[in-house]
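Enquirer:
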Amino acid sequence: MFDGSLFFLYFFISLYLSQKYDYLNYLNSHKIT
1 MFDGSLFFLY
11 FFISLYLSQK
21 YDYLNYLNSH
31 KIT
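So the sequence shown is numbered by UniProt numbering: it starts at 1 and just counts up by one.
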């Protein structure tokens, strides 16, 4: 059994986390320089 909504939820969460970590890396890179 495959639930499409569950896959969409997982995709949304992973996308949100990836953007969040990219933002943190962006801040960290500017702190160092």
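Built from N, CA and C at the ideal position, the CB exists for glycine as well.
1) Consult DSSP for residue 22 and reduce its assignment to one of helix, strand or coil.
2) Express the C-alpha separation of residue 29 and residue 14 in angstroms, rounding to a whole number.
3) Between residue 83 and residue 16, what straight-line distance do the alpha-carbon atoms span, to the nearest angstrom?
Expert: According to the structure data:
1) Three-state result, residue 22: helix.
2) Distance between the alpha carbons of residue 14 and residue 29 is about 22 Å.
3) Absent from the model: residue 83. The displayed extent of the chain is 1 to 33, so no value can be given.
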